[in-house]
Amino acid sequence: MSCKEQVVPGLISGEDICKLREAVCVHVEKVYDNCREKDCIEDAVVDFVDNVQDLINNAIKVKTKDAEVVAVMADLEDVPFKRGFFTVNVRYKIRVVCEFCYKDVTGNIVNSSPKVGYIWFSKTVILFGSEGKIKIFKSIDLNHPMPPLCDGCNDSCTGLVEQDNLPIIKVEVAEPLVLNTRIKKVHDKHHHWGCDDEKNDVKAIIGPQRRVVVTVGIFSIIKLVRLVQLLIPAFNFCYPHKDCITSTDDNPCDIFDTIEFPLDQFFPPQKFDFPGAEEHRC
Numbered sequence: 055m056s057c058k059e060q061v062v063p064g065l066i067s068g069e070d071i072c073k074l075r076e077a078v079c080v081h082v083e084k085v086y087d088n089c090r091e092k093d094c095i096e097d098a099v100v101d102f103v104d105n106v107q108d109l110i111n112n113a114i115k116v117k118t119k120d121a122e123v124v125a126v127m128a129d130l131e132d133v134p135f136k137r138g139f140f141t142v143n144v145r146y147k148i149r150v151v152c153e154f155c156y157k158d159v160t161g162n163i164v165n166s167s168p169k170v171g172y173i174w175f176s177k178t179v180i181l182f183g184s185e186g187k188i189k190i191f192k193s194i195d196l197n198h199p200m201p202p203l204c205d206g207c208n209d210s211c212t213g214l215v216e217q218d219n220l221p222i223i224k225v226e227v228a229e230p231l232v233l234n235t236r237i238k239k240v241h242d243k244h245h246h247w248g249c250d251d252e253k254n255d256v257k258a259i260i261g262p263q264r265r266v267v268v269t270v271g272i273f274s275i276i277k278l279v280r281l282v283q284l285l286i287p288a289f290n291f292c293y294p295h296k297d298c299i300t301s302t303d304d305n306p307c308d309i310f311d312t313i314e315f316p317l318d319q320f321f322p323p324q325k326f327d328f329p330g331a332e333e334h335r336c
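The end of the sequence shown is residue 336 by the working numbering, with every number in the run present.
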């Protein structure tokens with residue numbers, strides 16, 4: 055069996071195996087456990103950045119023009135009596151852009167300018183993250199200010215920073231699908247602590263009765279990973295094998311010639327071209 059002179063990134067064949075050069079020890083993130091989630095967040099109340107209560111009270115209808123996951127917060131805790139397992143608490147912050155339809159003073163139906171708001175969604179899953187009792191210390195960049203690492207450190211102090219040995223949470227999330235937007239009557243009560251020193255009453259303040267609620271769908275994958283050393287077979291260093299294509303060449307038409315004709319834009323795909331579409335036929 056003859057070997058190829060050089061192996062390039064991509065699929066390999068049996069002829070490539072004989073080009074293995076060494077076993078390499080690499081420091082990588084290993085996935086110990088993961089799960090996929092398909093969540094439907096129903097009637098989540100939108101907290102708007104601006105005061106839009108007058109718009110909500112007078113709106114004929116409302117629609118969501120855009121939704122985006124802008125932040126994910128997560129923490130984990132040990133599961134009692136189940137070694138190596140962790141409770142992972144995940145909280146999503148979703149930014150939504152809404153537009154209201156209402157009647158102006160002349161009776162014409164107009165659209166408002168886009169209004170930005172946020173909704174929150176929390177969930178908890180249990181995943182295996184293994185366990186480790188060692189302490190890990192790593193070096194730091196001395197050019198960045200850090201808190202003192204020891205008493206009596208001088209300018210030449212080069213202590214290492216300790217990090218915990220817990221698994222790392224990874225959350226991959228697709229952009230939300232907006233399923234419904236409407237104005238709903240809700241009865242929120244916000245508690246306010248009174249300033250009366252003698253009674254110190256807790257006063258319940260009734261919030262707005264008309265609120266914007268949205269229903270969105272979210273697809274996500276939640277992982278627990280750890281940094282480990284793995285021994286893997288290696289062919290060679292991964293050198294670039296092609297030149298970069300620039301857009302500053304003398305003849306820009308040469309670049310245009312490399313773009314295929316967009317047939318799908320002129321002839322939209324039919325129903326049977328979409329996966330699963332034929333399954334819903336009567």
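Yeah, the Cβ is synthetic: ideal placement off N, Cα and C, and Gly gets one too.
Proximity to Tyr156 across Gln283, Lys117, Thr141 and Ile173 peaks at Lys117, based on C-alpha coordinates. Secondary structure at Lys115: strand, using DSSP grouped into helix, strand and coil. DSSP, reduced to helix, strand and coil, places Gly271 within a strand of the structure shown.
Each of Gln107, Cys72, Pro230 and Glu131 was checked against the Cα of Tyr146, and the nearest Cα belongs to Pro230. With the rule of 3 Cβ pairs closer than 8 Å, the region 157 to 166 does not count as touching the region 179 to 188. If you compare the alpha carbons of Asn111, Ile190, Ile276 and Leu284 with that of Val240, the shortest gap goes to Asn111. Looking from the CA of Ile190, the closest CA among Gly271, Lys119, Val282 and Asp87 belongs to Val282.
When only Cα atoms are considered, Lys177 and Phe273 end up about 13 Å apart. For Gly171, the number of other beta carbons within 10 angstroms of its own is at least 16, and it is reported as buried. Spanning the alpha carbons of Val227 and Ile275 requires a straight line of approximately 6 Å.
For the options Phe154, Ala128 and Asp93, the alpha carbon positioned closest to that of Asp108 is the one of Phe154. For Val78, the beta-bridge partners assigned by DSSP are Ile286.
CA-to-CA, the gap between Asp93 and Gly271 works out to about 6 Å. In this structure, DSSP gives Asp104 a state outside helix and strand, which the three-state scheme calls coil. In its chain, beyond the 5 residues on either side, Asp97, Ala98, Val99, Val100, Thr235, Arg236, Ile237, Lys238 and Val240 have a beta carbon closer than 8 Å to the beta carbon of Val267. Annotation for Leu181: the continuous beta strand (DSSP E) segment containing it runs Lys169 to Phe182. The beta carbon of Leu74 lies closer than 8 Å to those of Pro287, Ala288 and Phe289 in the same chain, with the five residues before and after it left out. The straight-line gap separating the alpha-carbon atoms of Glu185 and Val133 is approximately 12 Å. Taking the CA atoms as reference points, Arg90 sits about 46 Å from Asp158.
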